[in-house]
Amino acid sequence: MTKKNRTICREVMEFQPDAVAVEAGRLPWQARFAVYVILAALACGGAWAWLSRVDRVVTARGMLVTLAPAIVVQPLETSIIRTLAVRPGDVVKKGQLLATLDPTFATADLGQLTGRKKFLAAWIERLMAELEDRPAAEVEEGAADADQRAQMALFLKRKEEYRANVEAKDQEIASYEEMLAANLNEQERLKGQFALTAEIESMYRKLWEGDQTSRLEYINALREKLRVEDLYASAADKNSQIRERLAQARAERLAFIGGWRTQTATKIVEAQQELTEVEHTLAKAARRTELVELAAVSDAVVKDVARVSEGSVVREAETLFTLIPIDERGGELEAEAAIPAKDIGHIRVGNAVRMKLSAFPFQRHGFLSGEVRMVSPDVFLPEGRGAGEAADGGAYYACRIRLTANTLRGVGGDFRLLPGMALDAEILVGRRRVAEYLLDPLLAGLHESLSEP
Numbered sequence: 094m095t096k097k098n099r100t101i102c103r104e105v106m107e108f109q110p111d112a113v114a115v116e117a118g119r120l121p122w123q124a125r126f127a128v129y130v131i132l133a134a135l136a137c138g139g140a141w142a143w144l145s146r147v148d149r150v151v152t153a154r155g156m157l158v159t160l161a162p163a164i165v166v167q168p169l170e171t172s173i174i175r176t177l178a179v180r181p182g183d184v185v186k187k188g189q190l191l192a193t194l195d196p197t198f199a200t201a202d203l204g205q206l207t208g209r210k211k212f213l214a215a216w217i218e219r220l221m222a223e224l225e226d227r228p229a230a231e232v233e234e235g236a237a238d239a240d241q242r243a244q245m246a247l248f249l250k251r252k253e254e255y256r257a258n259v260e261a262k263d264q265e266i267a268s269y270e271e272m273l274a275a276n277l278n279e280q281e282r283l284k285g286q287f288a289l290t291a292e293i294e295s296m297y298r299k300l301w302e303g304d305q306t307s308r309l310e311y312i313n314a315l316r317e318k319l320r321v322e323d324l325y326a327s328a329a330d331k332n333s334q335i336r337e338r339l340a341q342a343r344a345e346r347l348a349f350i351g352g353w354r355t356q357t358a359t360k361i362v363e364a365q366q367e368l369t370e371v372e373h374t375l376a377k378a379a380r381r382t383e384l385v386e387l388a389a390v391s392d393a394v395v396k397d398v399a400r401v402s403e404g405s406v407v408r409e410a411e412t413l414f415t416l417i418p419i420d421e422r423g424g425e426l427e428a429e430a431a432i433p434a435k436d437i438g439h440i441r442v443g444n445a446v447r448m449k450l451s452a453f454p455f456q457r458h459g460f461l462s463g464e465v466r467m468v469s470p471d472v473f474l475p476e477g478r479g480a481g482e483a484a485d486g487g488a489y490y491a492c493r494i495r496l497t498a499n500t501l502r503g504v505g506g507d508f509r510l511l512p513g514m515a516l517d518a519e520i521l522v523g524r525r526r527v528a529e530y531l532l533d534p535l536l537a538g539l540h541e542s543l544s545e546p
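Read left to right, the sequence shown gives residues 94 to 546 (the working numbering).
Spelled out as structure tokens, the structure:
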């Protein structure tokens, strides 16, 4: 259009309605610029949505747990609670007192067994002294307590009894030896006398045969010879009897000594066996006395306390305390999270995890870092619900997450992670384009639409 025509048109437009003027008029440059800006923004947004990628994250609820199993504190036997020193949530140190039980029965058994052990030890010492025939002065030096003094008195009495019996046997043997010696002397004397009477009888017999003496004198000589011979034979028989009695007395002495020693040795063996049994029972009683005070076996947090009070009766093996260890050796922590069944297909061992503690808002305190260590091989279903019902919600897989870094800030120098802290775990399962994220709902709607029965 020429300049002249444009001038005419402007002149004509002055006589036209406003709507025609607006329609025929040229757009302002601001409007044209705004359209161009919008188109450019849409183009840039599309390019950014196609080229940019964002993290794909599976979110799961969980809590911190320990690798070590929970510590269960139980009484060894039925007892009465004297004191309760801790409550749920308390942090206890290794060896710290948790509760005290009534020590009456354990202490009574321990005292009785201790006394029995002392008595048996003193008894064995006395029997050993008898068996070894120790001097009384040596035994008196070791008599320190009442049991040893009583055994010392019995030792002296039995030693005197033993000595008296042995001396009686020795005296009997000595008397038989004296009788044997006297009888041997008498036998030797009769032997000489017999030889003399035999010679006299022989002389009288020759005289009588030569009619040089009377028969009466010969018979008297013969009778004397026979009398002496009878005495000699009687002395020989008595000698045999004395020897037998002497041998019997010596045997009785040896039998008494052997029997005494055997009896003493037998008593020692029996006493030692009983002492061994008492020592074993005493060790158990001492352990029972130690267990009257229930103490923490490691640094831990008190998780649960039984519903009991001071004066309550607790049965043996009844759980009183449940502790969660927190020491360096047994209290290493990791996270346990429940992965919804619908998201389990994305989870792999080794996936990076970012955890937000419920007790510390992540905006101010930051995150915990970790990685997936293990995923349960089977699903967990809510109690009382079938697989079909659980598929709609509630079914989950257990996932263990190893802590790799603690980057919390502003929590204090004495802060420590504790078992049971709730958290939200964000598991990084990959990356995808922003366009895919925006188009997924649209594609799902297109795929599922018009398919209802």
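Heads up, the beta-carbon is just placed ideally off N, CA and C, and yes, glycines get one too. These numbers were taken from a predicted model, which means no experiment stands behind them.
So, helix, strand or coil for residue i, using DSSP?
{"i": "Y382", "result": "According to the sequence as given, residue 382 is Thr; it is not Tyr. DSSP places T382 in helix when its eight states are reduced to three."}
{"i": "S145", "result": "coil"}
{"i": "G487", "result": "coil"}
{"i": "T369", "result": "helix"}
{"i": "K377", "result": "helix"}
{"i": "A515", "result": "strand"}
{"i": "A342", "result": "helix"}
{"i": "F460", "result": "coil"}
{"i": "L496", "result": "strand"}
{"i": "I419", "result": "coil"}
{"i": "L132", "result": "helix"}
{"i": "G481", "result": "Because G481 sits at a pLDDT of 49, beneath the cut-off of 50, its placement in the model cannot be relied upon, and the following sentence gives the value as read from the coordinates. Three-state DSSP puts G481 in a helix."}
{"i": "I440", "result": "coil"}
{"i": "V185", "result": "strand"}
{"i": "V362", "result": "helix"}
{"i": "V406", "result": "strand"}
{"i": "R526", "result": "strand"}
{"i": "R180", "result": "coil"}
When burial is assigned at 16 or more other CB atoms within 10 Å of the CB, is residue i buried or exposed?
{"i": "G438", "result": "exposed"}
{"i": "E218", "result": "buried"}
{"i": "E409", "result": "exposed"}
{"i": "V166", "result": "buried"}
{"i": "Q123", "result": "exposed"}
{"i": "S295", "result": "exposed"}
{"i": "T290", "result": "buried"}
{"i": "I312", "result": "exposed"}
{"i": "D240", "result": "buried"}
{"i": "Y129", "result": "exposed"}
{"i": "F453", "result": "buried"}
{"i": "V406", "result": "exposed"}
{"i": "M94", "result": "Caution is warranted here: a pLDDT of 48 is assigned to M94, below 50, making its placement in the model unreliable, and no coordinate value can be reported."}
{"i": "I131", "result": "exposed"}
{"i": "L220", "result": "buried"}
{"i": "F126", "result": "exposed"}
Check this for me: beta carbons of residue i and residue j, under 7 Å apart or not?
{"i": "V371", "j": "K210", "result": "yes"}
{"i": "E317", "j": "Y297", "result": "no"}
{"i": "E464", "j": "A445", "result": "yes"}
{"i": "G487", "j": "P475", "result": "yes"}
{"i": "L283", "j": "L324", "result": "yes"}
{"i": "R441", "j": "M467", "result": "no"}
{"i": "G523", "j": "R149", "result": "yes"}
{"i": "N278", "j": "F349", "result": "no"}
{"i": "G443", "j": "R502", "result": "no"}
{"i": "R447", "j": "E403", "result": "no"}
{"i": "I164", "j": "L416", "result": "yes"}
{"i": "A515", "j": "S462", "result": "no"}
{"i": "L384", "j": "L213", "result": "no"}
{"i": "V472", "j": "A434", "result": "yes"}
{"i": "D436", "j": "V151", "result": "yes"}
Start and end of the alpha helix (DSSP H) containing residue i?
{"i": "S557", "result": "Summary: the structure shown does not reach residue 557, with the chain confined to residues 94 through 546, and so no result is reported for it."}
{"i": "L191", "result": "Looking at the DSSP string, L191 is not in any alpha helix (DSSP H); the run it does join, the beta strand (DSSP E), is L190 to L194."}
{"i": "E225", "result": "T197 to E225"}
{"i": "F453", "result": "No alpha helix (DSSP H) contains F453, which DSSP labels as neither H nor E."}
How far does the beta strand (DSSP E) with residue i in it reach, from first residue to last?
{"i": "M448", "result": "A445 to L450"}
{"i": "S469", "result": "From DSSP, S469 is part of no beta strand (DSSP E); its letter is neither H nor E."}
{"i": "V504", "result": "Element bounds for V504: n/a, residue is neither H nor E."}
{"i": "I432", "result": "L426 to P433"}
{"i": "K396", "result": "A393 to V398"}
{"i": "V165", "result": "I164 to V166"}
{"i": "R175", "result": "S172 to L177"}
Determine, using beta-carbon pairs with one atom in the stretch 181–199 and one in the stretch 391–403, whether at least three such pairs fall under 8 Å.
-> With a cut-off of 8 Å, the stretch 391–403 and the stretch 181–199 count as touching, because enough Cβ pairs lie within range.
Taking contact to mean at least 3 C-beta pairs separated by less than 8 Å, is the stretch 259–277 in contact with the stretch 337–351?
-> As far as the Cβ criterion goes, the stretch 259–277 touches the stretch 337–351, which means the pair count is three or higher.
How about the stretch 166–178 and the stretch 186–199: do they share at least three Cβ pairs that are nearer than 8 Å?
-> Touching, yes, given that three or more Cβ pairs across the two stretches are closer than 8 Å.
Any contact of the stretch 425–436 with the stretch 156–165, i.e. 3+ C-beta pairs under 8 Å?
-> Yes, they touch.
With a cut-off of 8 Å, do at least 3 Cβ pairs link the stretch 370–388 to the stretch 136–147?
-> The stretch 370–388 vs the stretch 136–147: no contact.
Examine the Cβ distances between the stretch 327–344 and the stretch 237–247 and report whether three or more of them are shorter than 8 Å.
-> Under the Cβ criterion (8 Å, minimum of three pairs), the stretch 327–344 does not count as touching the stretch 237–247.
For the 8 Å Cβ check, are there 3 or more pairs between the stretch 345–364 and the stretch 197–209?
-> The stretch 345–364 vs the stretch 197–209: no contact.
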